[in-house]
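Here is the structure we will look at.
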Amino acid sequence: MYQATLRLLLVSTMVLFGFEAYGKTLTDTQIYKRCYAQLTESIVPLNDARMARVRANAVTGPIACIELLNEGRFDTGGRLVRINPVSMKIVRTFNSLHRSWFTATRLEDISDYEFDINPNTPEVFDQTEQALFLTRFLLTPNLNYRDMLRGNRGVRAIRQEDPNALMAPGSRRFNIPNVGRYLYPDKPERNENKFGFQRGDVTVLNITNDYIGVDITQY
1 MYQATLRLLL
11 VSTMVLFGFE
21 AYGKTLTDTQ
31 IYKRCYAQLT
41 ESIVPLNDAR
51 MARVRANAVT
61 GPIACIELLN
71 EGRFDTGGRL
81 VRINPVSMKI
91 VRTFNSLHRS
101 WFTATRLEDI
111 SDYEFDINPN
121 TPEVFDQTEQ
131 ALFLTRFLLT
141 PNLNYRDMLR
151 GNRGVRAIRQ
161 EDPNALMAPG
171 SRRFNIPNVG
181 RYLYPDKPER
191 NENKFGFQRG
201 DVTVLNITND
211 YIGVDITQY
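Per my numbering, residue 1 is the first one in the sequence shown, and the count goes up by one each step.
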């Protein structure tokens, strides 16, 4: 399975880090710091409980790294088991990695697509779908890579709801910032699309760039 292969690669890399880095052996603390930086693209917080365990020799650096990786696990429904800033950073890191494997990363790369003609396409088509497939199969347990290649269903990102969604007087509106569809936007309207609703029962939803899962959708 893809996730098993990547986990093995991660453990092997952490062990090798421990043996040699610029001619010297790394400590478990240094190994965990590197792992945390790679998985979350941020530094270890001062109050990180896992780091405290590493410093107390209660767990090794590579094992702590695997524990950290498990923070980004999805449940069988494709949602994060634990939704917190660390787990969302891990998902974002791996999804960004998977996006880098594909040359078509913008809607403008699609033949005959024009934003001026089809401005609402981003709301029904997520061009990062190919990366989302890989992210889902990496972080969801008991999924086989071959099933992704042979399946007949698509996926869509599940993103975090922002409780501070903007409200317009007398209406509810969607405020959808850029969620990674445009890497080099040359028009400000591409970054934010607002739709006004007069009905009072329409749910306010402000989608952010924080992934909390990847859902299956039928083609």
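All C-beta atoms in this analysis are idealised placements derived from N, C-alpha and C, irrespective of residue type, glycine included.
Assignment of Gln30 by DSSP, reduced to helix, strand and coil, places it in the helix class. Contact between Val91 and Thr135 holds: CB atoms are separated by about 7 Å, below the 8 Å threshold.
For Thr40, the CB contacts under 7 Å within the same chain, skipping 5 residues up- and downstream, are Val86, Lys89, Ile90, Thr93 in chain order. By DSSP's assignment, Lys89 forms no beta bridge with any residue. Within the same chain, Cβ atoms closer than 7 Å to the Cβ of Arg55 are found at Thr29, the five residues on either side in sequence being excluded. In this structure, the alpha-carbon of Gln127 lies about 11 Å from that of Thr103. Per DSSP, reduced to three states, the secondary structure at Gln160 is strand. Here Ile43 is not near Ala52, since their CB atoms are 8 Å or more apart. The shortest C-alpha to C-alpha distance from Cys35 to any of Pro141, Leu132, Cys65, Val155 is the one to Cys65. The DSSP assignment places no complete beta strand (DSSP E) segment of no fewer than 3 residues inside the stretch 127 to 153. For Leu46, no alpha helix (DSSP H) encloses it, and the DSSP letter there is neither H nor E. Our two residues, Thr140 and Leu46, have alpha carbons roughly 30 Å apart in a direct line.
A residue is called buried when at least 16 other Cβ atoms come within 10 angstroms of its Cβ; Ile83 does not meet this threshold and is exposed. Residue burial annotation: Asn152 is exposed, with fewer than 16 other C-beta atoms found within 10 angstroms of its C-beta. Checking the DSSP bridge columns, you'll see Phe74 partnered with Leu80.
Inter-residue distance for Leu68 and Arg50 is about 8 Å (C-alpha atoms, whole angstroms). Just so you know, the alpha carbons of Gln160 and Ala58 end up roughly 34 Å apart. Check the Cα spacing between Tyr145 and each of Glu71, Phe133, Gly72: the tightest is with Phe133.
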